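Here's the structure, in structure tokens; my notes come after.
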Amino acid sequence: MSVINKKILLYLLVVPLAFLYSCTSGGSSINENDYSIGDIISSVNKNSEKLKSMKGEGVISIDSPDMSNSGSFTLSIVKPDSLYIKLEGPFGVSIAAILLERSRFTYYNIQDNRVIIAPSTGTNIKAVLRIALDFDDFINGFSGSYNFADTNSQNFTLSKSEDNLVLIQKTQDETKKYFIHPLKRYIKQYNVYDKNGKEKLTVEYTNFSEEDGYYFPNKIKISRAAMNEYVFLDYSKKELNKGYLGYKIKYPKSAKVIEW
Numbered sequence: 589m590s591v592i593n594k595k596i597l598l599y600l601l602v603v604p605l606a607f608l609y610s611c612t613s614g615g616s617s618i619n620e621n622d623y624s625i626g627d628i629i630s631s632v633n634k635n636s637e638k639l640k641s642m643k644g645e646g647v648i649s650i651d652s653p654d655m656s657n658s659g660s661f662t663l664s665i666v667k668p669d670s671l672y673i674k675l676e677g678p679f680g681v682s683i684a685a686i687l688l689e690r691s692r693f694t695y696y697n698i699q700d701n702r703v704i705i706a707p708s709t710g711t712n713i714k715a716v717l718r719i720a721l722d723f724d725d726f727i728n729g730f731s732g733s734y735n736f737a738d739t740n741s742q743n744f745t746l747s748k749s750e751d752n753l754v755l756i757q758k759t760q761d762e763t764k765k766y767f768i769h770p771l772k773r774y775i776k777q778y779n780v781y782d783k784n785g786k787e788k789l790t791v792e793y794t795n796f797s798e799e800d801g802y803y804f805p806n807k808i809k810i811s812r813a814a815m816n817e818y819v820f821l822d823y824s825k826k827e828l829n830k831g832y833l834g835y836k837i838k839y840p841k842s843a844k845v846i847e848w
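Below, the structure is given as structure tokens:
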């Protein structure tokens, strides 16, 4: 083999290997400087706004110091102001139903034949559901749809983590981090920390499916690790944007009604 042919052969071997190395050894190819914070916020909100209402079924598990249980659920959300969820235990036995609205909620414990009607404060919700989530945590968490209320890009910084864009928002009281798919512009995870950097809340979205341009997470995990509180949702069936899906809590006259 001539010297020239050897050089050509060596070139053909080395160049593909060098290219492969450059693709695999450099970590994420995302450069946050290529993205605009304002554009990311706008895109995430537009994606979120595609979901107006939903109905779903699946399995829910709640694990906290006060309760550890799992069962099936039927859920309806009409954004941005109402969520209905009915819980069932083994053999389809109804356990409880709650209609959670922005101003108040109605909770019906079917087994105890007891109804609680109260303002939708975080304290009241925790007293009933045994987990410290406020109204928007439920709407955003259970629908897999987050909308930025603050759209001022100056209140955010942008970084990257693996294959995600990360928007960071800091206030006097807390820090929020949003992990965003760089192309599809949906949120894959968000974390909330207190002013001392202690984690308050983590919501993780996985197993996404696409329907009419909206990306929905079929598995959702909501965690308050410092309080040992966890909620797991696994959707087996869902219908998106099928019109108004309002529900009312119905209970017998014999039920004991408590108003807070």
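Each residue of the sequence shown is one higher than the last, beginning at 589 in my numbering.
Heads up, the beta-carbon is just placed ideally off N, CA and C, and yes, glycines get one too.
Everything numeric in this text was worked out from a predicted model, so none of it was measured.
query	result
Reference Ser649; option with closest CA among Ile756, Ser630 and Gly677	Gly677
Runs of beta strand (DSSP E) lying entirely within the segment 714-759, each at least 3 residues, in chain order	744-749 and 752-758
Where the alpha helix (DSSP H) containing Asn697 begins and where it ends	First-last for Asn697: Arg692 to Asn697, but that is the beta strand (DSSP E), not the alpha helix (DSSP H).
Residue nearest to Asp836 in terms of C-alpha spacing, selected from Phe693, Ser636, Lys765 and Asp622	Per the sequence presented here, residue 836 reads as Lys, with Asp not at that position. Nearest of Phe693, Ser636, Lys765 and Asp622 to Lys836, Cα basis: Phe693.
Cβ shell of Asp782 (< 6 Å), same chain only, five flanking positions each side left out	Glu762 and Lys788
Gly644, enclosing alpha helix (DSSP H) - first and last residue	Unbroken run through Gly644 is the beta strand (DSSP E), Ser641 to Asp651; no alpha helix (DSSP H).
Whether Leu675 touches Ala685 by CB criterion (9 Å)	yes
Three-way DSSP call (helix, strand, coil) for Thr709 in this model	coil
Met642 versus Lys838, Val666 and Ser631, residue with shortest Cα-Cα distance	Val666
Ile629, DSSP secondary structure in three states	helix
Beta-carbon proximity list for Gly729, same chain, < 6 Å, skipping 5 on both sides	Val791 and Ile810
Distance between Leu688 and Thr709 (C-alpha atoms, nearest Å)	10 Å
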